[in-house]
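Protein chains in written order, with the working numbering: chain A, 1 to 192; chain B, 1 to 192. A virtual CB, placed ideally from N, CA and C, is assigned to each residue, including glycine. Predicted model, so just to flag it, every value in this text is computed and none were measured. First comes the structure, then the notes that go with it.
Number of protein chains: 2
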Amino acid sequence: MGKGTDTRNEILAAAGRLAGQVGLSGLTIGTLASRTELSKSGLFAHFGSKQDLQLQVHAHNVERFVAEVIRPALRAPRGEPRVRELFERWLAWASMPGGCPMLAASFEFDDQPGPLRERLVRDQRDWFDTITMVFAGGITEGHFAPDADARQFAQDLEGVMLAFHLTSRLLGDADAAARARRSLDALLLAAA
Amino acid sequence: MGKGTDTRNEILAAAGRLAGQVGLSGLTIGTLASRTELSKSGLFAHFGSKQDLQLQVHAHNVERFVAEVIRPALRAPRGEPRVRELFERWLAWASMPGGCPMLAASFEFDDQPGPLRERLVRDQRDWFDTITMVFAGGITEGHFAPDADARQFAQDLEGVMLAFHLTSRLLGDADAAARARRSLDALLLAAA
């Protein structure tokens with residue numbers, strides 16, 4: 001990677017941290033300039049507009065999520081072990097400072113039509129499909145009942161993680177992760 | 001109620017609708033003025049600052065939530081019927097245009113220290129306590145097992161509603177509410 005790519009990645013990382021605090025909608029070329037040592041005109045050279053900046057930060061977050069959560073989890077044995085690996089990696093992701101930026105963005109932009117919302121919808125659909133597929137692998141393996149509802153599981157697991165996020169980050173409840181793991185156990189027991 | 005109170009309530013309702021779209025952090029005296037027929041100086045007479053406006057809109061939302069969800073649900077018979085009534089009223093609340101403004105705000109402000117975050121934390125703690133208390137009534141009534149974990153249930157139910165919110169509002173999935181009801185049935189079955 002050349003120096004330009006390095007700089008761009010450093011800016012995206014700084015922008016991601018800022019968005020983790022103020023939300024993607026609070027992320028502007030101006031707020032980013034005051035956080036980094038780069039000038040507004042320098043930032044405009046990398047990102048043509050506020051929307052472009054937000055889209056690229058989101059895409060950068062999704063790439064990291066795929067690399068840190070999805071890809072490694074798919075190396076676990078198919079079925080229940082893979083579901084558990086996906087969950088643990090997702091939990092670690094949601095526990096990082098700032099929490100999961102895609103979750104926050106999903107609540108921020110659900111009523112704001114435009115390219116960013118379209119991108120969020122596409123990525124969340126992909127994510128629900130990934131959970132559904134990984135769970136369905138457990139039906140094929142005989143770990144879960146043949147009539148277990150993989151789509152229902154995807155919505156339920158999303159709920160477990162959202163509630164963990166809220167309970168740990170907003171309420172500061174130290175038992176949030178332990179409860180989230182018990183919720184997963186209950187879901188898998190019901191599906192068995 | 002005098003004319004002043006009426007006007008204030010109308011402004012708060014308009015501000016609440018705007019915040020439902022752009023988030024509480026996007027709600028400013030300026031954006032509100034361009035939505036209503038009131039001048040910025042007129043709005044400043046009602047709300048001294050952007051933060052004051054945000055706090056009052058949030059307080060107004062919480063009052064409505066108590067009146068439309070909590071208070072009527074507490075009139076249902078204690079135990080499982082009251083849990084179900086609370087859930088159905090909460091589901092109807094989260095299904096209104098704009099979704100649940102407190103949920104959105106919880107994800108928006110979880111990393112922004114200040115009076116609004118403190119208020120959100122207090123109100124979410126109260127809400128978790130309400131769910132916990134309503135569920136615990138079902139243990140006393142013998143509807144749920146004596147060792148059922150009411151706090152676990154509160155976190156799980158919060159997750160069911162958060163996942164409904166995301167699945168219906170962002171993904172536009174028409175089955176989101178039916179799945180949320182099945183999630184509640186599964187939680188109550190596991191607690192029985």
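| request: Measure the alpha-carbon distance for residue 69 of chain B versus residue 7 of chain B and round it to whole angstroms. | output: What you label residue 69 of chain B is simply residue 69 of the second sequence in a count that begins at 1. What you label residue 7 of chain B is simply residue 7 of the second sequence in a count that begins at 1. One C-alpha to the other measures close to 25 Å.
| Rounded to a whole number of angstroms, what is the C-alpha to C-alpha distance between residue 73 of chain B and residue 103 of chain B? | Mapped onto the second sequence, residue 73 of chain B falls at position 73. Mapped onto the second sequence, residue 103 of chain B falls at position 103. Roughly 20 Å between the two C-alpha positions.
| query | How far does the alpha helix (DSSP H) with residue 35 of chain B in it reach, from first residue to last? | reply | Your numbering for residue 35 of chain B matches position 35 in the second sequence. Per DSSP, residue 35 of chain B belongs to the alpha helix (DSSP H) from 29-35.
| How many Å lie between residue 112 of chain A and residue 161 of chain A at the Cα? | Locating residue 112 of chain A in the first sequence gives position 112, counting from the first residue. Locating residue 161 of chain A in the first sequence gives position 161, counting from the first residue. Those two C-alpha atoms are separated by around 24 Å.
| query | Could one say the Cβ of residue 171 of chain B lies closer than 9 Å to chain A's Cβ atoms, at least one of them? | reply | The sequence position of residue 171 of chain B within the second sequence is 171, counting from 1. Closer than 9 Å: yes.
| Would the beta-carbon of residue 57 of chain B fall within 9 Å of that of residue 99 of chain B? | Looking up residue 57 of chain B in the second sequence gives position 57. Looking up residue 99 of chain B in the second sequence gives position 99. Their beta carbons are not under 9 Å apart, which means residue 57 of chain B does not touch residue 99 of chain B by this criterion.
| With respect to the alpha helix (DSSP H) encompassing residue 80 of chain B, which residues constitute its N-terminal and C-terminal limits? | Along the second sequence, one-based indexing puts residue 80 of chain B at 80. Looking at the DSSP string, the run of the alpha helix (DSSP H) that includes residue 80 of chain B is 80-94.
| Mind checking residue 155 of chain B: buried by the 16 CB within 10 Å criterion, or exposed? | Position 155 of the second sequence, counting from 1, holds the residue named residue 155 of chain B. In summary, residue 155 of chain B is buried, with 16 or more beta-carbon neighbours lying within 10 Å of its beta-carbon over all protein chains present.
| query | According to the neighbour-count rule (16 or more other Cβ atoms, all chains shown, within 10 Å of its Cβ), is residue 146 of chain A buried or exposed? | reply | Numbered from 1 along the first sequence, position 146 holds the residue referred to as residue 146 of chain A. Its Cβ having fewer than 16 others within 10 Å, residue 146 of chain A is exposed.
| Does any CB atom of chain B fall closer than 9 Å to the CB of residue 133 of chain A? | Here residue 133 of chain A refers to the residue found at position 133 when the first sequence is read from its first residue. It does not; no Cβ of chain B falls within 9 Å.
| request: Establish whether the CB of residue 188 of chain B and some CB of chain A are separated by less than 9 Å. | output: By one-based count along the second sequence, residue 188 of chain B stands at place 188. No, residue 188 of chain B lies away from the interface with chain A (no Cβ there is under 9 Å from its Cβ).
| request: State yes or no: is the beta carbon of residue 183 of chain A nearer than 9 Å to at least one beta carbon in chain B? | output: Here residue 183 of chain A is taken as the residue at index 183 of the first sequence, counted from 1. Residue 183 of chain A counts as touching chain B.
| query | Are there 16 or more other CB atoms within 10 angstroms of the CB of residue 39 of chain B, so buried, or fewer, so exposed? | reply | Your numbering for residue 39 of chain B matches position 39 in the second sequence. Exposed, because fewer than 16 other Cβ atoms sit within 10 Å of the Cβ of residue 39 of chain B.
| query | When you compare only the Cα positions, how much space is there between residue 186 of chain A and residue 85 of chain A? | reply | Stepping through the first sequence from its first residue, residue 186 of chain A is reached at position 186. Stepping through the first sequence from its first residue, residue 85 of chain A is reached at position 85. Going from the Cα of residue 186 of chain A to the Cα of residue 85 of chain A covers about 16 Å.
| message | Taking contact to mean 3 or more Cβ pairs, one atom from each stretch, closer than 8 Å, check whether the segment 82-97 of chain A and the segment 126-138 of chain A are in contact. | response | A contact between stretches requires three or more CB pairs, one per stretch, nearer than 8 Å, and the segment 82-97 of chain A meets this requirement with the segment 126-138 of chain A.
| Residues of the segment 12-29 of chain B with Cβ closer than 9 Å to any Cβ of chain A, in chain order | Taking 9 Å as the Cβ-Cβ cut-off against chain A, the residues of the segment 12-29 of chain B that qualify are 20, 21, 22, 23, 25, 26.
| field | Proximal residues of chain B, C-beta to C-beta of residue 138 of chain A below 9 Å | value | Taking the first residue of the first sequence as 1, we reach residue 138 of chain A at position 138. Residues of chain B passing the Cβ test: none, with the nearest at roughly 17 Å.
| message | If you reduce the DSSP assignment to three classes, tell me which class residue 97 of chain A lands in. | response | The residue labelled residue 97 of chain A in the question sits at position 97 within the first sequence. Here residue 97 of chain A sits in coil by DSSP.
| Minimum Cβ-Cβ distance from residue 51 of chain B to chain A less than 9 Å | Your numbering for residue 51 of chain B matches position 51 in the second sequence. Not an interface residue.
| request: Would you kindly check if the distance between the Cβ of residue 188 of chain B and the Cβ of residue 144 of chain B is under 9 Å? | output: Within the second sequence, numbered from 1, the residue matching residue 144 of chain B stands at position 144. Within the second sequence, numbered from 1, the residue matching residue 188 of chain B stands at position 188. Yes.
| message | Considering just the uninterrupted stretch of the alpha helix (DSSP H) at residue 143 of chain A, what are its terminal residues? | response | For the purposes of this step, residue 143 of chain A is taken as the residue at position 143 of the first sequence. Run containing residue 143 of chain A: none; DSSP gives neither H nor E here.
| Cα-Cα separation, residue 1 of chain A to residue 9 of chain A | Residue 1 of chain A sits at position 1 when you count from the first residue of the first sequence. Residue 9 of chain A sits at position 9 when you count from the first residue of the first sequence. A caution first: residue 1 of chain A carries a pLDDT of 49, below 50, which makes its placement in the model unreliable, though a value can still be read off. Their backbone Cα atoms lie some 10 Å apart in a straight line.
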